[in-house]
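For reference, the structure discussed in these notes is given below.
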Amino acid sequence: MKSIGSSSSPDRPSFAAAGRPPCIVAGAAAAAIVMRWLLPAALIVALIITAALWMAAPESPAGGPIGAREPASPYPAAPGAPSPDAPAGASPQMRDLEKQRQEAAQVLQPPRQADAQAIEAFQLALADSIKARRQDAQRGDLLDPPLVAYITDITRALLESEKGARILETLRENNPADDPEAGPAMPELAVNAVYPEDIALSMVPPSLLALYPPPPEGIEYRFVGCRLILMDRDARLILDYTEGCVW
Amino acid sequence: MVGGRGWSLRAPARRARDHGGAAKRRGVWSASAGAATALLLVFAVSLAGCPTAIPEFAPSDIEADVKLPQEDGSLRFAVMGDTGTGDSAQYRVAGLMAIYHRAFPFELVLMLGDNLYGGEAAGDYERKFEVPYKPLLDAGVKFYASLGNHDDRPQRLYEHFNMGGELYYSFSPAEDVRFFALYSDYLDPEQLRWLEKELAESTERWKICFFHHPLYSSGGRHGPSLELRDVLEPLFVAHGVDAVFSGHEHFYERLLPQNGIVYFISGAGGKLRAGDVRASQHTAAKYDDGRSFMILELAGDDLHFQVISGAGSTVDLGVIGNRDKITQEPR
Chain A
0 MKSIGSSSSP DRPSFAAAGR PPCIVAGAAA AAIVMRWLLP AALIVALIIT
50 AALWMAAPES PAGGPIGARE PASPYPAAPG APSPDAPAGA SPQMRDLEKQ
100 RQEAAQVLQP PRQADAQAIE AFQLALADSI KARRQDAQRG DLLDPPLVAY
150 ITDITRALLE SEKGARILET LRENNPADDP EAGPAMPELA VNAVYPEDIA
200 LSMVPPSLLA LYPPPPEGIE YRFVGCRLIL MDRDARLILD YTEGCVW
Chain B
0 MVGGRGWSLR APARRARDHG GAAKRRGVWS ASAGAATALL LVFAVSLAGC
50 PTAIPEFAPS DIEADVKLPQ EDGSLRFAVM GDTGTGDSAQ YRVAGLMAIY
100 HRAFPFELVL MLGDNLYGGE AAGDYERKFE VPYKPLLDAG VKFYASLGNH
150 DDRPQRLYEH FNMGGELYYS FSPAEDVRFF ALYSDYLDPE QLRWLEKELA
200 ESTERWKICF FHHPLYSSGG RHGPSLELRD VLEPLFVAHG VDAVFSGHEH
250 FYERLLPQNG IVYFISGAGG KLRAGDVRAS QHTAAKYDDG RSFMILELAG
300 DDLHFQVISG AGSTVDLGVI GNRDKITQEP R
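Just so you know, the sequences run in chain order A and B.
In terms of numbering that gives the first Met the number 0, the first sequence opens at residue 0 and continues consecutively.
In terms of numbering that gives the first Met the number 0, the second sequence opens at residue 0 and continues consecutively.
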């Protein structure tokens, strides 16, 4: 692959050099030529390239082919571990959440390659939209008692297994309750509250994620101390949280 | 490409008949906009061909001392982690990277996570990324990010991070190599299935993974992520991954090859945890006295690496053979 950048000279010019670099002078001359002769063709070619890149964006937006992802697991999915208390499927509230988020995302259309202003605008608009759709939501709507009981059983069983020490270590990694580097304070736990940007997110052990019921697309499990929270990954909204410890 | 005669500055005829005056104004406006666009394009092209500008915050007393072979046709890239503080230390390392880019024009940078500490408003992207790395961005260097525990997920949408809107992705910037960026903060079954499929389908000779949390580390503060190692290492070994880059630990460490894979930690591009390496049986080289970044060159069967300290000195140097162990110890 061809290298970008034209110089391998060890000489480092001053940042405030008096003369213009030759390449800029050459660029100005080239601009005059282009204005006279090459402008029409260049614009047509640019339009064609833009159209081609736009069509190819999902596959190769980053200079090389982005690997195709499998479609998200259909929700609800059966938990990986057998348990007599496993919930039969997603609660109506969880299904509603999935629908609400899909509707919000359809309206807002998250950009795939955006500048910082567009990202900030999307994030705020999505949060507003979700909060408006869930203004009557209460703690326990999503993480309802059967689901919390199931998750608690799984988590505690794994912590008592031979891998328990490793899992506990991961649960405490960047956990705001255990890791002073995670942030200046504990996040406030409230439905529709924003998880503060200056507080790190706890790591979630892969062995737990393998057994927890997969949440809807765009929703993640996280921990604050020993309490489980459900949050929207783009809006950074806390959607629900457990009243007590799950481990 | 010369097609001036075929280009009309007028609006389409049908519209001109219907709205003559308006169409003329639109034509003039289109021509003006087109000319301005063309000028900008030409100027951008001329700038892209310029040597990397050295920013004011670059250390003024340092010259690049590149020890890599710089072979024709090689892939040159840089690696940095835990950068996004927005403070003077990050800016200094960024300035040093610009100095090295002039002597060693790497075309891409792997970001190992914690790209933006604290707030992530639009101004934070500017202060913690766009300003310090502006000389590299202006020179056409592409950044490929992975996300850390301090990063918000919408970063995957950011145009300069080239993540294609995905939290995990792979890309192939040259014929013989494929990079795999993982989201190690949340390694769910879907991501693991994707990784296994991507690795299995990859035919490139070099497979290089990068993500935030290290599988091997001699750090006293964090240490290795054993949970991640349990699920990732078997995949890496089974599918012939050659090298792995991680951050999270705010120092540099190179581990002795583990099951044929060389692990690097380069998490001191902005943050620093001085003296945190507790050299272990796995440690091949370390640097925790100051900040650092890496430059690398992939040429055929060899991946050459050089680690630059914030003071501009070389603190590790070597070469990895394809699925082989380090053949040259650091100087």
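Glycine residues also receive a C-beta, built at the ideal position from the N, C-alpha and C atoms.
- The beta carbon of A126(A) sits no closer than 8 Å to any beta carbon of chain B.
- Contact between S265(B) and L111(B) holds, with the beta-carbon distance rounding to 6 Å and staying under 8 Å.
- Look at G122(B) here: in three-state DSSP terms it is helix.
- Annotation: the continuous beta strand (DSSP E) that includes R75(B) extends over 74 to 79.
- In this model, G139(B) and E106(B) are separated by some 7 Å (Cα to Cα).
- Residue-level contact check: N148(B) touches chain A, since one or more beta carbons of chain A fall below 8 Å from its beta carbon.
- Chain B places a beta carbon closer than 8 Å to that of A199(A), counting this residue as a contact.
- Under the Cβ criterion of 8 Å, L208(A) is counted among the residues facing chain B.
- DSSP places T169(A) within a helical segment (H, G or I) once states are collapsed to three.
- Inter-residue distance for G85(B) and E129(B) is about 10 Å (C-alpha atoms, whole angstroms).
- For F103(B), there is no enclosing beta strand (DSSP E), as DSSP marks it with neither H nor E.
- Among the residues of chain B, those whose CB is under 8 Å from the CB of A113(A) are L156, Y157, E158, following chain order.
- G164, E165, Y168, S169, F170, S171, P172, A173: these are the residues of the segment 164 to 183 of chain B whose beta carbon lies less than 7 Å from some beta carbon of chain A, given in chain order.
- A distance below 6 Å between beta-carbons, with the five flanking residues on each side excluded, links S308(B) to the following residues of its chain, in chain order: G289, S291, V314.
- Sorting E216(A), Q112(A), D239(A), P212(A) by C-alpha distance to the C-alpha of V223(A) places D239(A) at the top.
- Here DSSP, grouped into helix, strand and coil, assigns F170(B) to strand.
- In the three-state DSSP reduction, W246(A) falls in the coil class, being neither helix nor strand.
- The beta carbons of S206(A) and E232(B) sit no closer together than 8 Å.
- A straight line joining the alpha-carbon of D151(B) with that of L229(A) spans about 15 Å.
- DSSP lists no bridge partner for R228(B).
- What A120(B) touches in chain A, judged by beta-carbon distance under 9 Å, is A115, E119, E196, going in chain order.
- Interface with chain A (8 Å Cβ-Cβ cutoff): G274(B) is excluded.
- Chain A has no Cβ within less than 8 Å of the Cβ of Y132(B).
- Beta-bridge pairing by DSSP links L316(B) to Q305(B).
- The beta carbon of I237(A) is closer than 6 Å to those of A192, Y194, I228, M230 in its chain, skipping five residues each way along the sequence.
- Listed by position along chain B, the residues whose Cβ is nearer than 8 Å to that of I166(A) are E226.
- Residues of chain B whose Cβ lies closer than 7 Å to the Cβ of D233(A) are, in chain order, R152, P153.
- Here DSSP, grouped into helix, strand and coil, assigns V106(A) to helix.
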